[in-house]
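Worksheet for the structure shown next.
2 protein chains.
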Amino acid sequence: MMDVQKQKKLEAAGWKIGNAEDFLELDQVESSFIALKIALSQHLKTRRQSLRLTQKEFAGMIHSSQSRVAKMEAGDPGVSLDLLVKSLLTLKTSKEDIEKILP
Amino acid sequence: MMDVQKQKKLEAAGWKIGNAEDFLELDQVESSFIALKIALSQHLKTRRQSLRLTQKEFAGMIHSSQSRVAKMEAGDPGVSLDLLVKSLLTLKTSKEDIEKILP
DNA sequence: TCAATATATATCAAATCCGACATACTCAAC
DNA sequence: GTTGAGTATGTCGGATTTGATATATATTGA
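If you're matching them up, the sequences are chains V and Y in order.
Each residue of the first sequence is one higher than the last, beginning at 1 in the working numbering.
Each residue of the second sequence is one higher than the last, beginning at 104 in the working numbering.
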């Protein structure tokens, strides 16, 4: 395991083999992930408002509650990406829109 | 609530007001969501293989287990979008790649 | 100012997702 | 056909996320 060819593949993908602590990479993944969720939540709020829906009305559309919608839009860490994406799909956010959102 | 202006906004977004059962829309969201997860899981498998990583090795990189990686790649419904996206970020999947993946 | 409406925040039990483990299946290499 | 590495599948207790509820804090319009 971990032969030279594999090392080269991973290095090509941006990994430093053997000399970088992986928790640093984890932090990188974690912060990218948080940035993604924030971007999606901001777009969600903007889109809901442009449709002139209240949080309560939108909550009904996704069979959730007003408080959870508020948490979504606030970027609350206790909200899953699943719920955010399902919400955007419910508001028929287009693939093109999503591509513009990605940080 | 539900004034004419709001109806027009929702209709512009693809919603039929008052005559479509919302569970039909939910099914649409749900199936789109599943399609998205499947697409991501397939890409994850392809990318891991191209890096010549075993499921066990990759599991170590994301501090998870071989069985969970197998479930991710199999499109198991009990795997969250969060875990899938974090996995792709760990493998440094680019924004451009993600845009190509989106169904 | 003052209601009414909208949004934010806190809490909770139930549902879902997690890593871990055990074990079974697949398939090369020998 | 045996062995061993890689992958798939099932289960489980613990952790996280859920919708719901209550309540506090804006925000809006008369």
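For each residue, glycine too, the CB sits at the ideal point set by N, CA and C.
Do Leu-186(Y) and Ser-168(Y) have their C-beta atoms within less than 9 Å of each other?
no
To the nearest angstrom, how far is it from the Cα of Val-79(V) to the Cα of Ala-35(V)?
14 Å
Three-state secondary structure assigned by DSSP to Lys-92(V):
Reduced to three states, the DSSP call for Lys-92(V) is coil.
Looking at Leu-88(V): is its Cβ nearer than 9 Å to the Cβ of Leu-44(V)?
yes
Terminal residues of the continuous alpha helix (DSSP H) containing Val-172(Y)?
169–176
Check the Cβ-Cβ distances between Lys-95(V) and every residue of chain Y, and say whether any is below 9 Å.
Interface with chain Y (9 Å Cβ-Cβ cutoff): Lys-95(V) is included.
Please confirm whether Arg-48(V) and Val-29(V) have their CB atoms less than 9 Å apart.
no
Starting from Lys-86(V), find everything on chain Y with Cβ-Cβ shorter than 7 Å and list it in chain order.
Correct list: Val-132 and Phe-136.
Alpha carbon to alpha carbon, how far is Lys-95(V) from Gln-42(V)? Give it in angstroms, no decimals.
16 Å
Using a beta-carbon distance below 9 Å, is Leu-147(Y) in contact with chain V?
no
Using beta carbons (cut-off 9 Å, strictly below), is Ile-201(Y) in contact with chain V?
The C-beta of Ile-201(Y) comes closer than 9 Å to at least one C-beta of chain V.
For Phe-44(Y), tell me which candidate among Thr-193(Y), Lys-203(Y), Leu-205(Y) and Ile-204(Y) has the shortest Cα-Cα distance.
What the structure shows of chain Y is the stretch from 104 to 206, and residue 44(Y) is not part of that stretch, so it cannot be assessed.
C-alpha gap between Ser-170(Y) and Lys-159(Y), whole angstroms:
8 Å
Same chain only: Cβ atoms within 8 Å of Lys-71(V), ignoring 5 sequence neighbours per side:
Gly-78 and Val-79
Determine the direct distance from the alpha carbon of Trp-15(V) to that of Met-104(Y), and round the result to whole angstroms.
Confidence is the limiting factor: at Met-104(Y) the pLDDT is only 39, short of 50, which leaves the residue's position unreliable, though a coordinate-based value still follows. The alpha-carbon atoms of Met-104(Y) and Trp-15(V) are separated by roughly 54 Å.
Give the interface partners of Leu-89(V) over in chain Y, defined as CB-CB distance under 7 Å, in chain order.
Val-132, Ser-135 and Phe-136
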